[in-house]
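S.K.:
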Amino acid sequence: MNPQKNNTRPVQILFWILSLLVSFLLFAVISSNKTYARDIVVAQSLDLSGQSNLGKDFSNGIRTYFDAVNAKGGVRGRKITFVQLDDSGDPQATASNLVKLRRENEVDVLIAPTTARSLVAATNDAAVKSGTLALLGAPTGVRPPLAETARVLHLRASYADEARQLLNHMTTMSIAKIALVRGEGEEAEFAADAFREEARKRSIALQFDGETLKWRARSTQNATLEAVVITGDAIGVAVALSHARATARSANVFGFSTIDHRTLLELGKSNAIGMVISQAMPSADKTVHPFQREHRQLMKQFRDEPPSLHTLEGYVVARVLVSALETIDGEPTATRVNNALRNLREIDLGPISISTRVPANAMRFVNLSAVSARGALIE
Numbered sequence: 559m560n561p562q563k564n565n566t567r568p569v570q571i572l573f574w575i576l577s578l579l580v581s582f583l584l585f586a587v588i589s590s591n592k593t594y595a596r597d598i599v600v601a602q603s604l605d606l607s608g609q610s611n612l613g614k615d616f617s618n619g620i621r622t623y624f625d626a627v628n629a630k631g632g633v634r635g636r637k638i639t640f641v642q643l644d645d646s647g648d649p650q651a652t653a654s655n656l657v658k659l660r661r662e663n664e665v666d667v668l669i670a671p672t673t674a675r676s677l678v679a680a681t682n683d684a685a686v687k688s689g690t691l692a693l694l695g696a697p698t699g700v701r702p703p704l705a706e707t708a709r710v711l712h713l714r715a716s717y718a719d720e721a722r723q724l725l726n727h728m729t730t731m732s733i734a735k736i737a738l739v740r741g742e743g744e745e746a747e748f749a750a751d752a753f754r755e756e757a758r759k760r761s762i763a764l765q766f767d768g769e770t771l772k773w774r775a776r777s778t779q780n781a782t783l784e785a786v787v788i789t790g791d792a793i794g795v796a797v798a799l800s801h802a803r804a805t806a807r808s809a810n811v812f813g814f815s816t817i818d819h820r821t822l823l824e825l826g827k828s829n830a831i832g833m834v835i836s837q838a839m840p841s842a843d844k845t846v847h848p849f850q851r852e853h854r855q856l857m858k859q860f861r862d863e864p865p866s867l868h869t870l871e872g873y874v875v876a877r878v879l880v881s882a883l884e885t886i887d888g889e890p891t892a893t894r895v896n897n898a899l900r901n902l903r904e905i906d907l908g909p910i911s912i913s914t915r916v917p918a919n920a921m922r923f924v925n926l927s928a929v930s931a932r933g934a935l936i937e
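So the mapping is simple: the working numbering equals the position in the sequence shown, first residue as 1, plus 558.
Shown next as structure tokens:
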């Protein structure tokens, strides 16, 4: 009998048990880290195939900021995955897309659609209605019906805000004879409704109120007008703008933030010059404030295209979302993201303060800019 050999057996068993325990602990730690480092899934249904470039630019602004965050390692080690589906501005397609996005992805937050009717459809999505998913940053100035308003976390001004600013400006200029022309485009009707309602509140009788076809039927009567407000996107206002310049030459011409001034200049430069357009975001052309400089720098680094007001708006939405995500400890579930967004402190970007807690009926940032002969916006 070998006592030394018998004494080593318990040691071997203990070593084997300890090895198993260490392996189990390592596996648990690795598994835990994998769960904690799960990608954050951001989803959106939007109009990418419509005539307006709003959807494309808004999307590029969001993607640019997410790309920059992911390039630095993500948010607390978690990368952001951005999943999108094109709805062509069709609300029924929006509803179907949201179901598909949720079925195929573990969605943590939704970026709101880019068009008015699609936004209303999105507020009726089952996960949004239940409060499970947040609906963030719609780039449309439409506000859904009161019952659905609380489901959307707005960052930009409404068309009602823009209408108030436009009429405030006209009041300072002692403008009384105003024409409202509803141009073409998804948002034209909603912006026109907002302006009409604001004029009614101020007891202002509009000299003209109708669509482009009816507007073009007028000729010498337009000469008495002091202001012409045209709603719609750049393509949708071009014809009405041309008629305004030809028949109401002394009138000031105004438009909403739905107009991309670069596109308008391409369609008819001489007509666009001097038009005053309301803006729901600060200028994307200037570099006065750090966020404007960062936006331009990131667009140059991650996108081969010039920045625009819509890329800047997308950038701001993405930046707000990332700020909320940075406050979350542990896995960023949909409920945690929703709560983080709704409790996010105000973000100061210089000329504009961003908050998801501002009431839906509160006045948000609106600026007026004139189109210059050089193609820039002059504030």
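Virtual Cβ for every residue (Gly too), placed ideally from N, Cα, C.
These figures come from a predicted structure and were not determined experimentally.
1. From the DSSP output, which residues share a beta bridge with ASP605?
2. Assess contact between the segment 754-761 and the segment 697-715, defined as three or more Cβ pairs (one per stretch) separated by less than 8 Å. Is contact present?
3. Taking the alpha-carbon positions, what's the SER800 to ALA715 distance?
4. By DSSP, does SER716 sit in helix, in strand, or in coil?
5. For ALA734 and GLU720, I'd like the C-alpha separation in whole angstroms.
6. Between the C-alpha atoms of ALA601 and ILE638, what's the straight-line distance to the nearest angstrom?
7. Beta strand (DSSP E) containing GLN765: first to last residue?
8. Is it buried or exposed for LYS592, if we count other Cβ within 10 angstroms and need 16 for buried?
9. Using the beta-carbon count (16 or more within 10 Å), is LYS614 buried or exposed?
10. How far does the alpha helix (DSSP H) with PHE624 in it extend, from its first residue to its last?
11. Using the rule of at least 16 other Cβ atoms within 10 Å of the residue's Cβ for burial, across every protein chain shown, is ASP683 buried or exposed?
12. For PRO702, would you say it is in contact with chain C, using Cβ-to-Cβ distances shorter than 8 Å as the test?
13. Mind pulling the alpha helix (DSSP H) runs of 4 or more residues that sit fully within the segment 839-915?
14. Around the Cβ of THR730, are there at least 16 other Cβ atoms within 10 angstroms (buried) or fewer (exposed)?
15. Only counting the same chain, and skipping five residues up and downstream in sequence, which positions put a Cβ closer than 6 Å to that of ALA830?
16. Which ranges would you report for the alpha helix (DSSP H) in the segment 780-806 if only whole runs of at least 4 residues count?
17. Helix, strand or coil, according to DSSP, for PHE748 in the structure here?
18. Based on the DSSP secondary-structure assignment, which residues constitute the bridge partners of VAL710?
19. Looking at C-alpha atoms only, which residue of GLY619, MET921 and LEU604 is the closest neighbour of GLU863?
20. If I follow the unbroken alpha helix (DSSP H) through ASN663, where does it start and stop?
21. Would DSSP call GLU742 helix, strand or coil?
22. Tell me which residues share the same chain as HIS819 and place their Cβ nearer than 7 Å to its Cβ, disregarding the 5 neighbours each side in the sequence.
23. The alpha helix (DSSP H) that contains GLY826, what's its start and end?
24. Quick one: give me the first and last residue of the beta strand (DSSP E) that SER927 is part of.
25. Can you check which of these residues, ALA792, THR681, LEU926 and SER777, is closest to GLY608 by C-alpha distance?
26. With hydrogens ignored, establish whether the beta-carbon of THR845 is closer than 7 Å to any heavy atom of the ligand ADP.
27. Buried or exposed: where does GLN850 fall if 16 or more other Cβ atoms within 10 Å of its Cβ makes it buried?
28. Would you check if there are 3 or more beta carbon pairs closer than 8 Å linking the segment 805-817 to the segment 771-788?
29. Taking all protein chains shown into account, decide if GLN650 is buried (16 or more other Cβ within 10 angstroms of its Cβ) or exposed.
30. ARG709 and LEU693: beta carbons closer than 8 Å?
31. Looking only at its own chain, which residues have a Cβ that is under 6 Å from the Cβ of THR525, when we skip the five neighbours before and after it?
32. Residues in the same chain with beta-carbon distance under 6 Å from TYR623, minus the five sequence neighbours each way, listed in chain order, please.
33. Rounded to the nearest angstrom, how far is the Cβ of GLN642 from that of SER617, given a contact under 8 Å?
34. For THR778, does the count of other Cβ atoms within 10 angstroms reach 16, so buried, or fall short, so exposed?
M.R.: Taking the geometry as given:
1. For ASP605, which the question treats as bridged, DSSP gives no partner whatsoever.
2. No, the segment 754-761 is not in contact with the segment 697-715.
3. Between SER800 and ALA715, the C-alpha separation is close to 28 Å.
4. Coil at SER716, not helix or strand.
5. CA-CA distance, ALA734 to GLU720, rounds to 18 Å.
6. Spanning the two alpha carbons is a distance of roughly 10 Å.
7. Segment: none, GLN765 is in no beta strand (DSSP E) and carries neither H nor E.
8. Unreliable positioning characterises LYS592 in this predicted model, as indicated by a pLDDT of 45, which lies under 50. The coordinate reading is nonetheless provided below. The residue is exposed, with fewer than 16 neighbouring Cβ atoms inside 10 Å.
9. LYS614 is buried by the Cβ-count criterion.
10. Run containing PHE624: 612-629, per the alpha helix (DSSP H) assignment.
11. Looking at its Cβ environment, which holds 16 or more other Cβ atoms inside 10 Å, ASP683 is buried.
12. The chain labelled as chain C is not found in the depicted structure, where only one protein chain is given.
13. Within the segment 839-915, the complete alpha helix (DSSP H) runs of at least 4 residues fall at 848-860, 867-883 and 892-900.
14. So THR730 counts as exposed.
15. So the qualifying residues of the chain are LEU822, LEU823 and VAL929.
16. At a cut-off of 4 residues, the continuous stretches assigned as alpha helix (DSSP H) that sit fully inside the segment 780-806 are 792-805.
17. Here PHE748 sits in helix by DSSP.
18. In the DSSP output, where bridge partners are listed per residue, VAL710 has LEU693.
19. Residue GLY619 is the option with its Cα nearest to GLU863.
20. Run containing ASN663: none; DSSP gives neither H nor E here.
21. In the structure shown, GLU742 adopts coil according to DSSP, grouped into three states.
22. In chain order, ALA830, ILE835, VAL929 and LEU935 place their CB closer than 7 Å to the CB of HIS819, counting only its own chain and leaving out the 5 sequence neighbours on each side.
23. Residues 819-830.
24. Segment 925-929, the beta strand (DSSP E) holding SER927.
25. Checked all of ALA792, THR681, LEU926 and SER777; the closest Cα to GLY608 is ALA792.
26. Ligands displayed in this structure: none; no statement on the ligand ADP is therefore possible.
27. That one is buried.
28. Because the criterion of three Cβ pairs below 8 Å is met, the segment 805-817 and the segment 771-788 touch.
29. Exposed, by the Cβ-count rule.
30. Yes, the pair counts as a contact, with Cβ atoms nearer than the cut-off.
31. Residue coverage of the chain in this structure runs from 559 to 937, which leaves residue 525 outside it and unanswerable.
32. The beta carbon of TYR623 sits closer than 6 Å to those of TYR873, ALA876 and ARG877, all from its chain and outside the five residues before and after it, given in chain order.
33. Right, the Cβ-Cβ distance comes to about 7 Å (below 8 Å), so this counts as a contact.
34. Per the 10 Å Cβ criterion, exposed.
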